[in-house]
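Below you'll find the structure, written out as structure tokens, and then a few comments.
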Amino acid sequence: MKRTCTVCIALIALLSLVSLPLFSQGTADQAKASGPTTVELWYGAAITEAGPPPADWVGFQIIKDKLNIDLKLTALPSNESDQDVKVQAAAAANNLPDLFMVRRDVLTRLVPQGLVAPVDDLYEKMPIRTAAHYDEVSRSHARFNGKTYGLADPGSITKNEGLLVRKDWLDKLGLSVPKTTDELLAVMRAFTFDDPDGNGKDDTYGYGAFQEINNYEAWPGRRLEPIFGAFGVDGTWNMTASNAGLNILKPEFFDAMTMLKQMVDEGIIDPNWLAYKKDDFRAAWKQG
21 MKRTCTVCIA LIALLSLVSL PLFSQGTADQ AKASGPTTVE LWYGAAITEA GPPPADWVGF
81 QIIKDKLNID LKLTALPSNE SDQDVKVQAA AAANNLPDLF MVRRDVLTRL VPQGLVAPVD
141 DLYEKMPIRT AAHYDEVSRS HARFNGKTYG LADPGSITKN EGLLVRKDWL DKLGLSVPKT
201 TDELLAVMRA FTFDDPDGNG KDDTYGYGAF QEINNYEAWP GRRLEPIFGA FGVDGTWNMT
261 ASNAGLNILK PEFFDAMTML KQMVDEGIID PNWLAYKKDD FRAAWKQG
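So the mapping is simple: the numbering used here equals the position in the sequence shown, first residue as 1, plus 20.
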């Protein structure tokens, strides 16, 4: 439904905790004055590990009472490539939501099709947020032929990953926090074969991961950076002056791959790691 800019600004304010790398508005028909306006918003699930709000979430009622908006939230896939597929499929079916998060390369395809609305008139209606978030450089990222088609916030940046080890399993098996790769392998074996959850079933693994390949990270991705980092070859590039170059060309990369192969051969890494996507990995992780 086509809403007034005032309603959109108020909704943006209420949803300011949702980080939108690129924020665009769709179009639809004017809401009937007799009932609330339905607004569908697709948000980035990677922002939080929490699930979607429950149907009785108090926020829905507050938004309805204060703004006369019936808000419908849908979490986008956490994997950016899957996000692109979902948005482009909705665009092909002319079924985009009212508000959604999208990367710039996808936005460049939506604008020529007339599937998103310009938002230039929103800036002056929210001067405080505009001053803090949307300078000329930011606006230029979403500007096409003199009009701005999204509220552009910084997108994903390269993130470093740590290694989480279940302390309750260590305690149950009488193990210490591993400090070397050999100690880590020993913990993986114990977590896989010594029934750390105590349920009498062979249903645990010593390491969980998934492949993550994108335009700024090399295979196998961040979930295995603790392994490759132990050999000094995490990430795509080594940018130190003394040893600059592609990590994959360094002998230490082979050493890291040897350890990964050992984990696979011994069966101490979840065998589904090659098939998992991020959401699959998260579901398995939450199960222990």
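Every residue, glycine too, gets a C-beta built ideally from N, C-alpha and C.
Whole-Å CB distance - residue i paired with residue j, under 8 Å assumed
i: Gly-64; j: Leu-96; result: 6 Å
i: Glu-140; j: Lys-167; result: The sequence given here has Asp at residue 140, not Glu. Contact holds; Cβ gap of about 6 Å.
i: Gly-182; j: Arg-209; result: Contact doesn't hold; Cβ gap of about 21 Å is too wide.
i: Lys-298; j: Ser-98; result: 5 Å
i: Tyr-169; j: Leu-127; result: 7 Å
i: Val-253; j: Glu-232; result: At roughly 16 Å, the Cβ-Cβ gap does not stay under 8 Å, so Val-253 and Glu-232 are not in contact.
Straight-line Cα distance separating residue j from residue i
i: Arg-149; j: Arg-243; result: 35 Å
i: Thr-224; j: Ala-295; result: 17 Å
i: Thr-201; j: Trp-62; result: 41 Å
i: Pro-138; j: Thr-58; result: 20 Å
i: Phe-211; j: Ala-112; result: 47 Å
i: Asp-104; j: Leu-135; result: 15 Å
i: Asp-222; j: Asp-290; result: 12 Å
i: Phe-164; j: Gln-81; result: 37 Å
i: Met-146; j: Ser-158; result: 15 Å
i: Leu-87; j: Gly-55; result: 11 Å
i: Phe-120; j: Trp-293; result: 30 Å
i: Gly-249; j: Asn-258; result: 11 Å
i: Val-185; j: Arg-129; result: 43 Å
i: Pro-132; j: Ala-152; result: 29 Å
i: Tyr-143; j: Ala-162; result: 13 Å
i: Gly-79; j: Asp-85; result: 10 Å
i: Arg-123; j: Ala-109; result: 14 Å
i: Ala-304; j: Asn-114; result: 34 Å
i: Asn-267; j: Glu-245; result: 12 Å
i: Ala-261; j: Asp-102; result: 37 Å
i: Phe-230; j: Arg-302; result: 10 Å
i: Gly-228; j: Lys-306; result: 11 Å
Residue i - partner residues in DSSP beta bridges
i: Thr-333; result: A query on residue 333 cannot be resolved here, the shown segment of the chain reaching from 21 to 308 and no further.
i: Asp-265; result: In the sequence as presented, Asp is not what sits at residue 265; that position holds Gly. Paired residues: Asn-258.
i: Tyr-227; result: Ile-289
i: Thr-57; result: Ile-89
The ligand MG heavy atom lying under 6 Å from the CB of residue i
i: Leu-135; result: Absence of the ligand MG is noted for the structure shown, with no ligands found whatsoever.
Is it the case that the segment 185-195 contacts the segment 209-222, given that we only count it when at least three CB pairs across the two stretches are under 8 Å? yes
Contained alpha helix (DSSP H) runs [length at least 4] in the segment 141-172, N- to C-terminal order: 147-153 and 156-160
Hey, is the segment 193-210 in contact with the segment 156-176, meaning 3+ C-beta pairs nearer than 8 Å? no
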